[in-house]
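Protein chains in written order, with the numbering used here: chain A, 1 to 290; chain G, 1 to 391. Don't be surprised by glycine CBs; every beta carbon is placed ideally from N, CA and C. What follows is one structure encoded as structure tokens, with my remarks underneath.
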Amino acid sequence: MNEMYIHRAAAFTGEADTDMNYLKEEIRRYTKENFRRVNKFILLSLLGARQCIHQYALDTDTAIYLTTEHGNLGETADVLDEIYAISSLPKPFGFINTMSSTAAFYLAQNLGIRGRNITVSSQHLSFERGVDLLKVDFAGGAERSALIGGVDEASLAGTAMEGHADRSWRMVDGSGWCYVKPEREGACGAFTEIRSFGDGPSCVRWISEREKSPLDVVSFGALIGDDEADGLREILQPAAEFDYLRDFGYSGSATACGVSLFVLRFQGKTLLHINRDPRGHYAVIEVERF
Amino acid sequence: MKRRAFVTGKSMICALGDTLEAIVDAAHHKRIRMTHIPFTLASLPYTKPYYLIQGSEEDKLDNRSEAYFYDILFSTVSRALLDAGLSSPEINDMHVFFGSTSMDIPIFEGNYRKTSTSVSGMFLQSSNGYGKIASAIAETFYIRGRCYSFATACTSSANALLYAAAMIEQRQIERALVVGYDLYNNLGFYGFEALKSIAVSEYRPFDRTRDGLILGEACGAVVLERRRRKVGDFVYLGGANLCDTYSVASHDEEGSAVAETMNRALRQAGIRPEHIDAVKAHATGTENNDRTECAAMRVTFGSNMPPVTCVKPFIGHTVGACGVNELILFTEAIKAGFIPSTPGFREADKDLNLTPLTENMDAGKGIFMLNYFGFGGNCTTLILSNKDAMG
């Protein structure tokens with residue numbers, strides 16, 4: 001495992017009907033910049049990441065990995081309405097902002113950083129895949145510091161769950177972020193494991209053979225069913241469970257929020273987060289909070 | 001010795017055709033096929049050009065459906081896997097890297113034509129998320145690896161390739177399927193028209209009289225592996241991605257961020273600017289892009305500018321798909337012995353101070369730079385070679 005130390009973390013979760021003006025007011029607590037021509041997805045990205053960084057001085061070369069299930073589809077829907085329902089050309093900046101990477105751009109511009117700027121997705125495992133990319137860039141020496149986060153709007157998060165999850169949660173806007181560097185000095189935690197498995201049995205085998213026990217805290221992604229979670233608890237015998245979906249609600253980027261919230265709340269503990277996608281692929285993230 | 005990533009299989013469908021032979025032959029002879037499409041939904045009294053895939057009845061825009069979207073995708077992937085000569089276990093072992101600007105918007109628009117519900121309401125209900133298409137590829141071809149879907153506007157599939165190659169180099173994976181796919185969609189066509197970015201009739205990047213870009217659709221797939229399978233397989237030497245924070249819609253015309261991206265890619269590849277034998281420019285044909293890119297190339301190469309070509313006039317600007325599709329067109333042309341010229345170029349722009357190839361140039365072994373830029377300040381440069389010694 002590469003050295004991926006978490007130096008800061010934060011998560012914003014807001015009710016599904018969170019007002020844009022409220023988000024702008026919240027952002028003003030961290031930056032004087034006045035954001036015009038931006039949408040809710042961009043504001044959520046800015047708010048979560050600015051909460052994470054606050055007044056911390058970033059290296060100019062800091063990279064951004066924005067993970068998302070749906071991107072800024074709220075504005076995409078509005079632009080489609082302009083074309084199909086209003087029968088006009090869309091507003092230019094509305095169209096540009098249908099490209100979700102604009103959120104990572106506005107964040108880079110606001111923070112004055114120009115490192116890699118990647119927006120990536122993978123059904124229900126978007127945050128885990130973002131951590132994969134971060135690991136590649138740290139290992140290859142392409143980056144020395146990075147902001148990695150997950151952002152999704154509530155209004156769309158529910159649709160992707162239909163037919164996949166056997167539990168239900170309240171839908172929220174979510175924006176969870178971690179600032180990561182290869183250096184341990186000054187860190188508050190670390191990504192100590194990121195593993196992927198082609199099927200459930202391979203994942204269970206690895207979990208069973210882990211030497212690190214007993215486990216402090218376990219958490220499960222949205223598609224891990226009740227029976228499956230029971231089986232994993234039986235193997236892991238965790239001292240505690242962090243049910244962030246129950247406590248904070250679900251968005252497409254719930255994993256990013258869950259990991260960030262763990263870092264904020266569980267000092268001195270280690271988390272094993274187990275997740276899966278609709279194909280039956282599994283991913284495990286281990287996070288140590290110093 | 002550093003482990004390398006080789007391009008061992010390729011397949012592509014675009015306005016020029018659906019076989020590599022047909023596409024290269026069309027490029028060699030500058031046979032270009034554009035269609036003019038009206039802005040019917042907005043009741044505008046004019047048309048704009050577009051590079052459409054058009055081989056059969058099913059290709060007609062009004063006939064397209066979700067099945068059409070996936071037929072094009074799966075056919076392209078299938079032919080790339082065949083071109084690489086992969087066995088079933090090798091396919092099972094792959095990982096999928098997908099890049100697109102429009103993602104599933106063409107599917108949505110096709111489905112919407114058949115309903116009477118409100119467009120935004122239906123869209124919000126039917127979105128499957130950006131990761132759905134890559135998962136569908138994996139499920140269809142029994143690929144058991146991980147799926148990554150890149151959404152970085154016009155650099156999407158270039159970034160997909162950059163990370164696939166890096167993971168192979170770092171021995172994290174053995175092989176990857178990299179796909180760049182964007183089909184025609186009204187959102188993109190009307191959106192670029194709203195930006196006043198679409199040219200009236202001809203694609204003329206770097207030309208003094210250029211008047212914008214012309215969109216196109218394409219699906220391209222490449223197989224990346226750690227071993228060369230065939231003589232002439234290209235090897236990935238390095239790449240870089242940076243964010244130019246100048247503006248969300250344009251780049252700094254001094255080209256400093258773009259030049260820095262090129263220089264980092266060169267350093268990562270372990271080569272110097274004078275080692276580059278030719279450049280495939282991004283060359284959208286818009287005023288800002290061409291100024292920025294030419295300025296950046298002058299910063300990077302100084303007075304030793306290598307031959308530069310622009311391939312968008314052959315297939316159109318295929319937005320997020322252009323990373324993979326322009327790579328295929330460019331490298332297949334070199335395999336066939338030539339670097340394609342830039343059709344449509346007639347008159348040099350003294351402000352750009354750069355004349356792209358106006359005739360096909362003989363090509364053999366070499367090292368090549370491929371540049372890609374996008375909205376949101378995204379800049380990506382890839383360096384590839386077909387030199388035997390580079391493997």
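{"Item": "Which residues DSSP lists as bridging residue 27 (chain A), in chain order", "Value": "None; residue 27 (chain A) has no bridge partner."}
{"Item": "C-beta neighbour in chain G for residue 132 (chain A), strict 9 Å", "Value": "yes"}
{"Item": "Sequence-distant residues of its chain with Cβ nearer than 6 Å to residue 44 (chain A) (five each side left out)", "Value": "151, 173 and 175"}
{"Item": "Within chain A, partners of residue 392 (chain G) - CB distance below 8 Å", "Value": "The displayed coordinates of chain G run from 1 to 391. Any statement about residue 392 (chain G) would go beyond what the structure contains."}
{"Item": "Extent of the continuous beta strand (DSSP E) run through residue 65 (chain A)", "Value": "63 to 67"}
{"Item": "Residue 205 (chain G) classed as buried or exposed, judged by whether at least 16 other C-beta atoms fall within 10 angstroms", "Value": "buried"}
{"Item": "Where residue 77 (chain A) meets chain G, residues with beta-carbon distance less than 7 Å", "Value": "120, 123 and 124"}
{"Item": "Member of G:250, G:356 and G:361 whose CA lies at the smallest distance from the CA of residue 207 (chain G)", "Value": "G:356"}
{"Item": "Secondary structure of residue 173 (chain A), DSSP reduced to three states", "Value": "strand"}
{"Item": "Pick from G:22, G:218, G:169 and G:7 that is closest to residue 72 (chain G), judged by C-alpha positions", "Value": "G:218"}
{"Item": "Other residues of its chain near residue 275 (chain G): CB distance less than 6 Å, five sequence neighbours each side excluded", "Value": "367"}
{"Item": "Beta-carbon spacing of residue 100 (chain G), residue 150 (chain G) below 9 Å", "Value": "yes"}
{"Item": "Three-state secondary structure (DSSP) of residue 195 (chain A)", "Value": "strand"}
{"Item": "Cβ of residue 179 (chain G) within 9 Å of any chain A Cβ", "Value": "no"}
{"Item": "Cβ of residue 242 (chain G) within 9 Å of any chain A Cβ", "Value": "yes"}
{"Item": "CB contact check: residue 181 (chain A) to chain G, cutoff 9 Å", "Value": "no"}
{"Item": "For residue 184 (chain A), the three-state DSSP class (helix, strand or coil)", "Value": "coil"}
{"Item": "Test: residue 50 (chain G) CB closer than 9 Å to a CB of chain A", "Value": "no"}
{"Item": "Backbone CA spacing between residue 56 (chain A) and residue 100 (chain A) [nearest angstrom]", "Value": "25 Å"}
{"Item": "Same chain only: Cβ atoms within 6 Å of residue 59 (chain G), ignoring 5 sequence neighbours per side", "Value": "53"}
{"Item": "Partner residues on chain G for residue 195 (chain A), Cβ-Cβ distance less than 7 Å", "Value": "By Cβ distance, chain G contributes nothing, its closest Cβ being about 11 Å from residue 195 (chain A), past 7 Å."}
{"Item": "Contact residues within the segment 12 to 29 of chain A, judged by C-beta distance below 7 Å to chain G", "Value": "none"}
{"Item": "Where residue 136 (chain A) meets chain C, residues with beta-carbon distance less than 8 Å", "Value": "The chain inventory of the structure shown lacks chain C, comprising the protein chains A and G."}
{"Item": "Rounded straight-line distance, which links the Cα of residue 10 (chain A) to that of residue 47 (chain A)", "Value": "10 Å"}
{"Item": "DSSP state of residue 8 (chain A) mapped onto helix, strand, coil", "Value": "strand"}
{"Item": "Residues near residue 121 (chain A) by beta carbon distance below 7 Å, same chain, minus five either side", "Value": "67, 68 and 69"}
{"Item": "Of the residues G:37, G:168 and G:373, the one placed nearest residue 294 (chain G), counting alpha carbons only", "Value": "G:373"}
{"Item": "Three-state secondary structure (DSSP) of residue 83 (chain G)", "Value": "helix"}
{"Item": "Residue 167 (chain G) (DSSP reduced to helix, strand or coil)", "Value": "helix"}
{"Item": "Neighbour list for residue 159 (chain G) in chain A, Cβ cutoff strictly below 8 Å", "Value": "118"}
{"Item": "Residue 121 (chain G), DSSP secondary structure in three states", "Value": "helix"}
{"Item": "DSSP beta-bridge partners of residue 241 (chain G)", "Value": "G:380"}
{"Item": "Selected residue, minimal CA-CA separation from residue 232 (chain A), among A:202, A:17, A:245 and A:246", "Value": "A:202"}
{"Item": "Buried versus exposed, by CB contacts within 10 Å (16 or more), residue 106 (chain G)", "Value": "buried"}
{"Item": "Residue 204 (chain A) in three-state terms, based on DSSP", "Value": "helix"}
{"Item": "Listed by chain order, chain A residues near residue 139 (chain G) by CB distance under 8 Å", "Value": "279"}
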